[in-house]
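Below is one structure, written out as structure tokens; comments come after it.
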Amino acid sequence: MKTRTIKKVLIANRGEIAVRIIRSCKEMGIKTVAVYSDVDRTMPHVLMADEAYPIGLAPSRESYLVIDNIIGAAKQSGADAIHPGYGFLSERAEFAERVIKEGLIFIGPLPESIRAMGDKTAARKLVSKANVPTVPGTPDAIGSEDEAKAFCKSAGFPVLIKAAAGGGGKGMRVVHKMDELSSAFQGAKSEAENAFGDSRVYLEKYLEQPRHIEFQILADQYGNTIHLGERECSIQRRHQKLIEETPSVIVDDALRAKMGETAVNAAKACGYHNAGTIEFLVDKNRNFYFLEMNTRLQVEHPITELRTGIDLVAAQLRIAMGEKLPWSQKDITFRGHAIECRICAEDPENNYLPSTGVISHLRPALGVGVREDRGIEQGGEVSVYYDPMLSKLICWGATRIEAIERMKRALREYQLLGVKTNIPLHLFVLEHPNFLSGEFDTHFLQNHFTPEKLPHAIETEQIAAAVVCAMKHHTNSANRSPSSEANGYTPSKWKAQRTDNMRGDT
Amino acid sequence: MKTRTIKKVLIANRGEIAVRIIRSCKEMGIKTVAVYSDVDRTMPHVLMADEAYPIGLAPSRESYLVIDNIIGAAKQSGADAIHPGYGFLSERAEFAERVIKEGLIFIGPLPESIRAMGDKTAARKLVSKANVPTVPGTPDAIGSEDEAKAFCKSAGFPVLIKAAAGGGGKGMRVVHKMDELSSAFQGAKSEAENAFGDSRVYLEKYLEQPRHIEFQILADQYGNTIHLGERECSIQRRHQKLIEETPSVIVDDALRAKMGETAVNAAKACGYHNAGTIEFLVDKNRNFYFLEMNTRLQVEHPITELRTGIDLVAAQLRIAMGEKLPWSQKDITFRGHAIECRICAEDPENNYLPSTGVISHLRPALGVGVREDRGIEQGGEVSVYYDPMLSKLICWGATRIEAIERMKRALREYQLLGVKTNIPLHLFVLEHPNFLSGEFDTHFLQNHFTPEKLPHAIETEQIAAAVVCAMKHHTNSANRSPSSEANGYTPSKWKAQRTDNMRGDT
Amino acid sequence: MSRYIVNLEGKEFIIDISLDGVLSVLGHEGAIDVRHVGGDAYSVLTGNVSTQIIARRAGGKYQVLLKNNQVEVQVETERDRLLELYATASGSAHHRYEIHAPMPALVVRVEVNVGDEVKGGQGLIVLEAMKMENEIKSHQAGKVKEIYVAKGKAVEKGELLMLLE
Amino acid sequence: MSRYIVNLEGKEFIIDISLDGVLSVLGHEGAIDVRHVGGDAYSVLTGNVSTQIIARRAGGKYQVLLKNNQVEVQVETERDRLLELYATASGSAHHRYEIHAPMPALVVRVEVNVGDEVKGGQGLIVLEAMKMENEIKSHQAGKVKEIYVAKGKAVEKGELLMLLE
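This is the structure:
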């Protein structure tokens, strides 16, 4: 295996992860090429890249999922490598194969590894041989509702239907009783077809009170494989992760070493190189089971970066260039605690319905211990075409409680107007006694959350809001200097009657 | 000494440091009270605090320096402690005394310690007794130009005139030959009077090729005193720090231990508690000399926070509440490298002249390893009344080169329109071979910088700028839908003739 | 003087603004100082309590951040209020229940037919937006009177999908 | 068609905009795609090269970020240019040199008197702004003809301080 320099990377993605990758490339002196659909022409990833190429219409099937268009842009731009990000084509073995066939570097594992881990049932068989424990389930994808029924009868409810081709909660359904099975089965298949172009599903026994804990893997092209510790991802809604943290309150040094070693073995079982993630379910007795391997960068990778000090995207690029890992397992040290909250355009008061609109006001949370990775800017439109995740807030603290308090401060500081977001839901979770004590599982939100528990404004805040709206209405209807609003920075000034003893003594 | 809880803190400051302090208070569940002058009513520190009190007119002598007004606001708000930040009243012993006399907690050292270190000539005498080396200079403040002349004759040029009462480069002048002495002496006295209300100055031998390296100290009220390593602050303009980093390339573990111990002894010499900084000059043979002690939080404290993982403002609050330091010296560990760039409203092309105006566009640098502490927001006005420092960009990297490359990326990403800033100057420094090799001293900018060395736009960028300006002019003069500009988020769209083979294949 | 009735999170606030811009909130004593910070940002000092308000006009209503939650606020003049009362009083009572699209989406499945009796909580229609399928459920029992969309149709936010009686 | 002459960092660009909004840069072949992103932000694709431009109108000129540096850009129509040429040609040549305040500031000291001969680089006046003293120096040799300010005066940005001949 020879080293090959990467001078220009095409990023086959959009949103925050495209921006994330562009940043590390810039820091390494590597040129970047963005691709964009019709509606993304002015999105941050296009603005920040050195070059940008249009690849089709808004629906991802007509742009971000069209392999020919992406390869075309790569060829035209003279890029020597492609980074797939996550989602879209990142776990399509035929995409990685095509990239390599065109003489370009695929920043990720070999197509064979993607294929081995991409078929979720085959992956379970493969890792079992490496003594990695797995959850009881159908050995293969099932074709008919009758086969599904048979598994449910033998294993007992609850049962989980999962897409054989994918991850990320898409095409996933929990079934608690037999008469839910039919609609769940059809729904899962249709969603899987939609998300992965592959409608095959399989069934697993659904563990009671499971925690979702995953391990970050780094492996070079010479068989050196290490783990960077765990990420606790149990706080989920609709089977999608909402809040992640590292370390997990239930993982001590001994369990970390054991799970880490298992994760390394699972990765080696498919000849893995580059960054990857081994997902486990952990039951209340701290038994752990292999769930799946994500053969790409994970949304929640920044919490691992903050705790280990390793830039994972830079590591991916160096591995893809054929460099050896500069660390062995004992060089990996952990410091403090990191948490990520995914800021999504959705309405926690209304069953997490996606929310669309134009972001007219956006102010970041800044200062000590706060990182933000986002793919939107003020003035940008949140459309119906893509994932509702707008941004990720990531906080580091010396202790778990410092990280939590910092995240609460950052969430409150964050200002986004134009679409509904799940920030109030994050605040609910971070203040909940069970979250604080660490006693939670993947059912936390179903068990504890109802919309009326979201934080409520106090009267002073309501009065302030009412006064501002009345002022705006007054200014609008009276047409009093609308320009002072439009230019955006002449401080207008209204005053109530003064009660002078309420003011300072100047 | 008993512990006293702090429930509400008044911050006797403005700008980024007031915002910085508010953030840690929020994370600790402590209420915050802002004070503001007439022109600061809508500045971020007022918006972010729980309460806000007006304390007078724009000139700081009529607001932020008026002790009675600040004490009045504290009393009215029911605050139980005052944090002075840096600058303004932070190093006025009589302010700390008054705060304590009013039954409030001063978040800083005892008035006696401030006084001991505040008189720069007395401080040199004091630390000398604790075997701390000092730079040769006049033992006391000097009254007349004749005394100044006498010192210059005996010590030889160059000589430094310094304010006896202050720090931060104010009231400081270098004199290279006798006929510069008179105007420098008068200038220093007038600036010192202005900045500190105290015109006394003293003289020191000006070291050749000195580096400015300082140590962060933390001390509790029970005599436990530790250091958190050094900060290299040699990159300065007009005797004010511009870029700081930690570690210093010239400080190895042995020198760090020796200087750290000396710094701890200097702090102990004045019975110091809370956070403080011992500044040293280091000559080319790595001999170090005590310069002064800053008895308050330093502008550049975040780089120490990033490298040690310790929140210094939180530590200040805990020390002020009477808690013991939770660390001994051996618990302090260092990770990676941190750099800070001070973003100032000034024109590096024109002798660092301050620049004023309204900030109409502000986009932060975000993502991996970047922190920003700022005291301004889009729509805010940069006035002539206060310090030109608008913001601090702070970057962490696993290595010095990673931190530098990240800072370059962050500086380029940062967008601020409305005033001139020194961002181009920062980029000049970070790309300079002498900065990269670590071969620099406090004269770096005088020796290496001229305005024509600032980064220049390439033709593609110039054409892009020209086209946008022509479009804006066209839209304005033709009055074509001016509203599409004013509402700020309807993407307008102009197109040049297409050369189709230059586009993607969709 | 102008009087405004502000409806916010189910509460009503009555606010008077005099010709020279002085304002008062009915039932609330004390100083209120409101400033435009820039863009959608406002600063309100109620006495000395500082509150940031982020607000914009959207359609006839206002969108405001309250505890990081984007809420809709309605502002009416006294005249608006009178007209509205009149309209309600003179309009005939009807028990129709309209199902609107909560977001722009694609219709994946229609799960009922015209004439079906539906229970409260029963699924009516499945929409896909942002790669997720969302089932629209009935909030009350009734009978399907009209269906305006079919599988595969793209719908706008607020578009009428179905009518129940 | 409208023609604009853009002066930027000492270079001149000639840009034509047709009635239907199509633009071309004289001497530059190839596609240019300009979009308004929001506020002061614009995106330009020159071919496939992506450039962000941050620009606003300020006075009669434009302020633009180029390599993180805020530069002033002047845009003229052909008519502006003709008028200017005419004015320059007909105006009488004079060798007066005006000293303006580069920022709002307080006059700390005036270092010369009317009638003084000054050298290039000589200090004329000391202004204080943002707590720093800034000495305004003469860019050329000359004679002080008039002084319009005195110690202690607050001056606005651009205010005429002194006249040299």
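Chains as they are written, first to last, in the numbering used here: chain A, 656 to 1161; chain B, 656 to 1161; chain C, 39 to 203; chain D, 39 to 203.
Think of the CB as a built atom: it goes at the ideal place given N, C-alpha and C, for glycine as much as any other residue.
Treat the numbers as computed from the prediction; the structure is a model and nothing was measured.
Length of the line joining the Cα atoms of residue i and residue j
i: Leu-694(B); j: Glu-717(B); result: Before going further, note that residue 694(B) is Val rather than Leu in the sequence given. Taking the straight line joining both Cα atoms gives about 12 angstroms.
i: Gly-1024(A); j: Leu-665(A); result: 31 angstroms
i: Val-1163(A); j: Val-164(C); result: Because chain A in this structure spans residues 656 to 1161, residue 1163(A) falls outside the shown range and cannot be described.
i: Ile-53(C); j: Val-72(C); result: 13 angstroms
i: Glu-166(C); j: Val-146(C); result: 6 angstroms
i: Ser-838(B); j: Leu-1008(B); result: 20 angstroms
i: Leu-910(A); j: Ala-704(A); result: 42 angstroms
i: Lys-939(B); j: Thr-988(B); result: 27 angstroms
i: Gly-153(D); j: Gly-180(D); result: 10 angstroms
i: Asn-849(B); j: Ala-751(B); result: 20 angstroms
i: Cys-888(A); j: Leu-83(C); result: 41 angstroms
i: Ala-803(B); j: Ala-796(B); result: 10 angstroms
i: Ser-799(A); j: His-831(A); result: 18 angstroms
i: Gln-262(C); j: Val-150(C); result: Because residue 262(C) is not part of the residues shown, which for chain C are 39 to 203, the question remains open.
i: Ala-622(B); j: Glu-67(D); result: Given that chain B is displayed from residue 656 to residue 1161, the structure contains no residue 622(B) and the question cannot be resolved.
i: Pro-714(B); j: Glu-955(B); result: 25 angstroms
i: His-894(A); j: Arg-855(A); result: 18 angstroms
Contacting residues, own chain, Cβ-Cβ under 6 angstroms from residue i (five flanking each side not counted)
i: Arg-1135(A); result: Note that Arg-1135(A) scores 43 on pLDDT, short of 50, meaning its location in the model is unreliable and no value can be drawn from it.
i: Val-754(B); result: Ile-737, Phe-761
i: Val-1039(A); result: Thr-1011
i: Pro-142(C); result: Glu-194, Lys-195
i: Val-968(B); result: Ile-676, Ser-679
Exposed unless 16 or more other CB atoms sit within 10 angstroms - verdict on residue i
i: Gln-1101(B); result: exposed
i: Arg-659(A); result: exposed
i: Ala-847(B); result: buried
i: Met-948(B); result: buried
i: Gln-178(D); result: exposed
i: Ala-131(D); result: Bear in mind that the predicted position of Ala-131(D) carries a pLDDT of just 44, short of 50, making it unreliable; the figure below should be weighed with that in mind. So Ala-131(D) counts as exposed.
i: Val-198(D); result: For clarity, residue 198(D) is Leu in the given sequence; the question names Val instead. Exposed, by the Cβ-count rule.
Chain C residues whose Cβ lies nearer than 7 angstroms to that of residue i
i: Glu-706(B); result: Asn-86, Val-87, Ser-88
i: Thr-697(B); result: Arg-73, Val-75, Ser-81
Neighbourhood of residue i by C-beta, 8 angstroms cutoff - its chain only, sequence neighbours within 5 removed
i: Phe-851(A); result: Ala-818, Ala-820, Gly-821, Lys-825, Gly-826
i: Met-39(D); result: Asp-54, Ile-55, Ser-56, Leu-57
i: Glu-47(D); result: Leu-104, Val-109
i: Ile-92(D); result: Asp-78, Ala-79, Tyr-80, Val-102, Leu-103
Residue i Cβ short of 6 angstroms to the ligand COA heavy atom set
i: Val-1023(A); result: The model depicted lacks the ligand COA and carries no ligand whatsoever.
Partner residues on chain B for residue i, Cβ-Cβ distance less than 8 angstroms
i: Ser-679(A); result: Val-1023
Interface partners of residue i on chain D, CB under 7 angstroms
i: Pro-1043(B); result: Met-168
Closer than 7 angstroms at the beta carbon, the chain A residues around residue i
i: Ile-185(C); result: By Cβ distance, chain A contributes nothing, its closest Cβ being about 19 angstroms from Ile-185(C), past 7 angstroms.
Residues of its chain near residue i, where Cβ-Cβ distance is below 7 angstroms and the 5 sequence neighbours each way are ignored
i: Leu-781(A); result: Ala-771, Ala-924, Cys-925
i: Pro-865(A); result: Leu-936, Val-937, Asp-938, Asp-1096, Thr-1097
i: Ala-69(C); result: Gly-85
Contact list for residue i against chain C, beta-carbon separation under 9 angstroms
i: Ser-732(B); result: Asn-86
i: Val-856(B); result: Residues of chain C passing the Cβ test: none, with the nearest at roughly 41 angstroms.
Partners in chain A for residue i, counting only beta-carbon separations shorter than 9 angstroms
i: Arg-675(B); result: Gly-1022, Val-1023
Residues that residue i contacts on chain B, provided the C-beta gap is smaller than 7 angstroms
i: Ser-40(D); result: His-1129
- Three CB pairs or more closer than 8 angstroms across the stretch 1002–1014 of chain B and the stretch 1066–1085 of chain B: yes
- Task: Assess, as a yes-or-no matter, whether the stretch 724–737 of chain B is touched by the stretch 695–714 of chain B under the definition of 3 or more beta carbon pairs within less than 8 angstroms.
- Result: yes
- Message: Is it the case that the stretch 1079–1086 of chain A contacts the stretch 1053–1069 of chain A, given that we only count it when at least three CB pairs across the two stretches are under 8 angstroms?
- Response: yes
- Query: Is there contact between the stretch 1040–1052 of chain B and the stretch 1039–1048 of chain A, where contact requires at least three CB pairs shorter than 8 angstroms?
  - Reply: no
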